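**Student:** Here the protein sequences come in this chain order: A and B. Everything in the first sequence is counted per the numbering used here, starting at 204 for the first residue and increasing by one. Everything in the second sequence is counted per the numbering used here, starting at 204 for the first residue and increasing by one.
There are 2 protein chains.
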Amino acid sequence: MTITITCFEKSPDGGKGLARDTRVRWALEEVGQPYEVRGVPFPSLKEPAHLARHPFGQIPVFEEDGLTLFESGAIIFHLAERYGSLLPDDPDARMRALMWMFAALSSVEPPILDLSNARFAEGQQPWAEQRMPVVLERIRQRLDQLAAHMGDSEWLEGEFTVGDLMMISVLQRLKPSGILAGHPTLAAYVERGHARPAYQRAYAAQAAYNNP
Amino acid sequence: MTITITCFEKSPDGGKGLARDTRVRWALEEVGQPYEVRGVPFPSLKEPAHLARHPFGQIPVFEEDGLTLFESGAIIFHLAERYGSLLPDDPDARMRALMWMFAALSSVEPPILDLSNARFAEGQQPWAEQRMPVVLERIRQRLDQLAAHMGDSEWLEGEFTVGDLMMISVLQRLKPSGILAGHPTLAAYVERGHARPAYQRAYAAQAAYNNP
Numbered sequence: 204m205t206i207t208i209t210c211f212e213k214s215p216d217g218g219k220g221l222a223r224d225t226r227v228r229w230a231l232e233e234v235g236q237p238y239e240v241r242g243v244p245f246p247s248l249k250e251p252a253h254l255a256r257h258p259f260g261q262i263p264v265f266e267e268d269g270l271t272l273f274e275s276g277a278i279i280f281h282l283a284e285r286y287g288s289l290l291p292d293d294p295d296a297r298m299r300a301l302m303w304m305f306a307a308l309s310s311v312e313p314p315i316l317d318l319s320n321a322r323f324a325e326g327q328q329p330w331a332e333q334r335m336p337v338v339l340e341r342i343r344q345r346l347d348q349l350a351a352h353m354g355d356s357e358w359l360e361g362e363f364t365v366g367d368l369m370m371i372s373v374l375q376r377l378k379p380s381g382i383l384a385g386h387p388t389l390a391a392y393v394e395r396g397h398a399r400p401a402y403q404r405a406y407a408a409q410a411a412y413n414n415p
Numbered sequence: 204m205t206i207t208i209t210c211f212e213k214s215p216d217g218g219k220g221l222a223r224d225t226r227v228r229w230a231l232e233e234v235g236q237p238y239e240v241r242g243v244p245f246p247s248l249k250e251p252a253h254l255a256r257h258p259f260g261q262i263p264v265f266e267e268d269g270l271t272l273f274e275s276g277a278i279i280f281h282l283a284e285r286y287g288s289l290l291p292d293d294p295d296a297r298m299r300a301l302m303w304m305f306a307a308l309s310s311v312e313p314p315i316l317d318l319s320n321a322r323f324a325e326g327q328q329p330w331a332e333q334r335m336p337v338v339l340e341r342i343r344q345r346l347d348q349l350a351a352h353m354g355d356s357e358w359l360e361g362e363f364t365v366g367d368l369m370m371i372s373v374l375q376r377l378k379p380s381g382i383l384a385g386h387p388t389l390a391a392y393v394e395r396g397h398a399r400p401a402y403q404r405a406y407a408a409q410a411a412y413n414n415p
């Protein structure tokens, strides 16, 4: 029973934990499962061998005993279910943990990814500077709403779950921009997640992989 | 045991099935559960009573026996698990169905929602016209990848699952734009979904609600 994850051969962030394999490594460390890593060079992401595993030509891909999954939300939910960790026993609380994964990936991450698009993919376009306030305002609105909901709570729903793992992984993408510092309770929430030994092992593993 | 869903009191699309309650109504029809509807007027979306149910001030919200969920992905997965439908029995196939829900919501829907932003929220901005090709190209790329993966398959993974329900719900948002017509196999896939009696009942219910 071997688990293999596919990640960038060289992550664009140079191993700062921002690529999406970090969240899967974190979950693997939380559930205590070893794994192997397959690195894919950038040009190979759009080639048939990789597209057969991931139709959108991205990372991570997860493989275990004939099961191939892409989408980090599904991979992490699978790990939590299979290894009996990161999900509450109570059925309603379990669904709310899954709900927070969807919230992180489809309500909070899109405006954050749009900032990457605005800075990099569209960074040299004539509208880049003028449009930036619109992009930042969308992020600020989401962060305000999330902060208002969480207040000073330690985690989203009492205990640490897959929902926190994903929300923290999404929020940490804002760290290089300095935006998170404007929301101190969310910055503290990210720090609480990053203080977990499992996260620290995952971070160290991706940093070592990218800086051999 | 009463199910209540919260939706727009008046949907901006006037009942053309594009608001996110339609996908939840569809799932409820597929699993054969009756439900009640609470309509929220636009100004109330950002008021405390609604924010207590949905921290991002959106719709739909789902309530059943003390469980309150937002995020359509989680609501639909809950319905599928609780009422034993729309998910394969095989554990690996079940995870791949969940994977396609995440793919629909976090890989396919964001560029499609960006088109709405570009047309409406940013429609009067000085960069609107010049930026439009970038927005459309991101959608085209995702549709090309999805079409290449699906080929002529009837559904994403053999039988109809929550993954198809969500992917079709996301793709149908493109219908008014005419973009889907450029991808005939995906347009046919959406039509197959819409031919299901459960979808037709859901569509009729939201249309009647918005046109009393």
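Cβ coordinates follow ideal geometry from the N, Cα and C atoms, glycine included. Because the structure is a prediction, the values reported are computed rather than measured.
When you compare only the Cα positions, how much space is there between B/SER288 and B/VAL234?
**Tutor:** As a first step, residue 288 of chain B must be located in the second sequence, where it is residue number 85. As a first step, residue 234 of chain B must be located in the second sequence, where it is residue number 31. The straight-line gap from Cα to Cα measures roughly 6 Å.
**Student:** Where does the unbroken alpha helix (DSSP H) through A/PHE305 begin, and where does it stop?
**Tutor:** For the purposes of this step, residue 305 of chain A is taken as the residue at position 102 of the first sequence. It spans 294-305 - the alpha helix (DSSP H) in which A/PHE305 sits, taken as one unbroken run.
**Student:** Rank A/GLY269, A/GLY366, A/LEU301 and A/ILE342 by C-alpha distance to the C-alpha of A/TYR392 and give the top, closest one.
**Tutor:** Taking the first residue of the first sequence as 1, we reach residue 392 of chain A at position 189. Closest by alpha carbon: A/GLY366.
**Student:** Whose Cβ in chain B lies nearer than 9 Å to the Cβ of A/ARG299?
**Tutor:** Position 96 of the first sequence, counting from 1, holds the residue named residue 299 of chain A. By Cβ distance, chain B contributes LEU270, THR271, LEU272 and ALA277.
**Student:** Kindly indicate which three-state DSSP category B/PHE323 falls into: helix, strand or coil?
**Tutor:** Position 120 of the second sequence, counting from 1, holds the residue named residue 323 of chain B. Reduced to three states, the DSSP call for B/PHE323 is helix.
**Student:** Taking A/PRO415 and B/GLN333 to be in contact with their CB atoms under 8 Å, please state how far apart those CB atoms are, rounded to whole angstroms.
**Tutor:** Within the first sequence, numbered from 1, the residue matching residue 415 of chain A stands at position 212. Within the second sequence, numbered from 1, the residue matching residue 333 of chain B stands at position 130. At roughly 43 Å, the Cβ-Cβ gap does not stay under 8 Å, so A/PRO415 and B/GLN333 are not in contact.
**Student:** Would you check if the distance between the CB atom of A/ILE342 and the CB atom of A/LEU318 is smaller than 8 Å?
**Tutor:** The residue given as residue 342 of chain A occupies position 139 in the first sequence. The residue given as residue 318 of chain A occupies position 115 in the first sequence. Yes.
**Student:** Is there a Cβ from chain A that is less than 8 Å from the Cβ of B/LEU349?
**Tutor:** In the second sequence, the residue the question calls residue 349 of chain B occupies position 146. With 8 Å as the cut-off, B/LEU349 counts as an interface residue toward chain A.
**Student:** Would you mind stating whether B/MET433 and B/ARG226 have Cβ atoms separated by less than 8 Å?
**Tutor:** Nothing about residue 433 of chain B can be reported from this structure: the residues present for chain B run from 204 to 415 only.
**Student:** When you compare only the Cα positions, how much space is there between A/ALA306 and A/GLN327?
**Tutor:** Within the first sequence, residue 306 of chain A is the residue found at index 103, counting from 1. Within the first sequence, residue 327 of chain A is the residue found at index 124, counting from 1. Approximately 31 Å between the Cα atoms of the pair.
**Student:** Taking Cβ-Cβ distances below 8 Å as the criterion, which residues of the region 305-317 of chain A are in contact with chain B?
**Tutor:** So the list reads PHE305, ALA306, LEU308, SER309, SER310, GLU312, PRO313, LEU316 and ASP317, given in the order they occur along the chain.
**Student:** In angstroms, rounded to a whole number, what distance separates the CA positions of A/ARG256 and B/ALA390?
**Tutor:** The residue given as residue 256 of chain A occupies position 53 in the first sequence. The residue given as residue 390 of chain B occupies position 187 in the second sequence. Whole-angstrom Cα-Cα distance: 24 Å.
**Student:** Count the other CB atoms, across all protein chains shown, that sit within 10 Å of the CB of A/MET204; report buried if there are 16 or more and exposed otherwise.
**Tutor:** Against the first sequence, residue 204 of chain A aligns to sequence position 1. So A/MET204 ends up on the exposed side.
**Student:** Would you mind telling me which residues of chain A sit closer than 9 Å to B/GLN333, beta carbon to beta carbon, in chain order?
**Tutor:** The count along the second sequence starts at 1 and reaches residue 333 of chain B at position 130. Per Cβ cutoff of 9 Å: GLN328, PRO329 and TRP330.
**Student:** Flag this pair as touching only if the region 218-225 of chain A and the region 244-255 of chain A have three or more C-beta atom pairs under 8 Å; answer yes or no.
**Tutor:** Cβ pair count under 8 Å is below three, so no.
**Student:** Could you tell me whether the region 257-265 of chain B touches the region 400-413 of chain B, where touching means 3 or more Cβ pairs closer than 8 Å?
**Tutor:** No: the two stretches stay apart, fewer than three of their Cβ pairs being nearer than 8 Å.
**Student:** Around the C-beta of A/ALA283, are 16 or more other C-beta atoms found within 10 angstroms, so that it is buried, or is it exposed?
**Tutor:** In the first sequence, the residue the question calls residue 283 of chain A occupies position 80. Buried.
**Student:** Since B/PRO246 meets chain C, which of its residues come closer than 7 Å, beta carbon to beta carbon?
**Tutor:** Judged by its chain identifiers, the structure shown contains no chain C, and its protein chains are A and B.
**Student:** Here's a check: name, in chain order, each residue in its chain whose Cβ is nearer than 8 Å to the Cβ of A/TRP303, leaving out the five neighbours to either side.
**Tutor:** Numbered from its first residue, the first sequence carries residue 303 of chain A at position 100. Excluding sequence neighbours, A/TRP303 sits near LEU359, GLU360, THR364, VAL365, GLY366, ASP367, MET369 and MET370.
**Student:** Threshold first: 4 residues or longer. Then list the alpha helix (DSSP H) segments lying entirely within the region 223-255 of chain B, N to C.
**Tutor:** Runs of the alpha helix (DSSP H) inside the region 223-255 of chain B: 224-234 and 251-254.
**Student:** In terms of residue numbering, what span does the alpha helix (DSSP H) encompassing B/THR388 cover?
**Tutor:** The residue labelled residue 388 of chain B in the question sits at position 185 within the second sequence. Where B/THR388 is concerned, the enclosing alpha helix (DSSP H) stretches over 387-397.
**Student:** Determine, using beta carbons only, whether B/GLU325 comes closer than 8 Å to chain A.
**Tutor:** By one-based count along the second sequence, residue 325 of chain B stands at place 122. Answer yes: the Cβ-Cβ gap between B/GLU325 and chain A drops below 8 Å somewhere.
**Student:** I'd like the span of the beta strand (DSSP E) that includes A/GLU267, first residue to last.
**Tutor:** Start at 1 with the first residue of the first sequence, and residue 267 of chain A comes out as number 64. Start and end: 264-267.
**Student:** When the Cα atoms are used, what is the spatial distance from A/LEU339 to B/TYR412?
**Tutor:** Counting from 1 along the first sequence, the entry for residue 339 of chain A is found at position 136. Counting from 1 along the second sequence, the entry for residue 412 of chain B is found at position 209. If I take the Cα positions, the gap works out to 36 Å.
**Student:** Smallest Cα separation from A/ILE208: which of A/PRO215, A/LEU270, A/ASP293 and A/PHE259?
**Tutor:** For this step, residue 208 of chain A is matched to residue 5 along the first sequence. With distances taken between Cα atoms, A/ILE208 lies closest to A/LEU270.
**Student:** My understanding is that B/VAL337 touches A/GLU325, with C-beta atoms under 8 Å, so please give their C-beta distance in whole angstroms.
**Tutor:** Reading the second sequence from its first residue, position 134 is the one you call residue 337 of chain B. Reading the first sequence from its first residue, position 122 is the one you call residue 325 of chain A. With 8 Å as the limit, B/VAL337 and A/GLU325 qualify as a contact, their Cβ atoms being about 6 Å apart.
**Student:** Is there a Cβ from chain A that is less than 8 Å from the Cβ of B/PHE280?
**Tutor:** For this step, residue 280 of chain B is matched to residue 77 along the second sequence. For B/PHE280, the answer is yes, since a Cβ of chain A falls inside 8 Å of its Cβ.
**Student:** Output yes if chain B places a C-beta closer than 8 Å to the C-beta of A/ASP216; else output no.
**Tutor:** For the purposes of this step, residue 216 of chain A is identified with residue 13 of the first sequence, where counting begins at 1. Output row for A/ASP216: interface = no.
**Student:** Should A/SER356 be labelled buried (16 or more other beta-carbon atoms within 10 Å of its own) or exposed?
**Tutor:** Locating residue 356 of chain A in the first sequence gives position 153, counting from the first residue. Counting Cβ neighbours within 10 Å, A/SER356 comes out exposed, since fewer than 16 surround it.
**Student:** Does DSSP classify B/LEU289 as helix, strand or coil?
**Tutor:** Taking the first residue of the second sequence as position 1, residue 289 of chain B is located at position 86. The answer is coil: DSSP assigns B/LEU289 none of H, G, I, E or B.
**Student:** For a contact meaning CB atoms closer than 7 Å, what does A/MET302 contact in chain B?
**Tutor:** In the first sequence, residue 302 of chain A corresponds to position 99, counting from 1. Per Cβ cutoff of 7 Å: LEU272, PHE273, GLU274 and ALA277.
**Student:** Locate the beta strand (DSSP E) running through B/LEU183, then write down its first and last residues.
**Tutor:** Nothing can be reported for residue 183 of chain B: it is not among the residues displayed for chain B, which extend from 204 to 415.
**Student:** Quick one: residues in its chain with C-beta nearer than 6 Å to the C-beta of A/GLU232, no 5 flanking neighbours on either side, listed in chain order?
**Tutor:** Position 29 of the first sequence, counted from the start, is the residue given in the question as residue 232 of chain A. So the qualifying residues of the chain are ALA401, ARG404 and ALA405.
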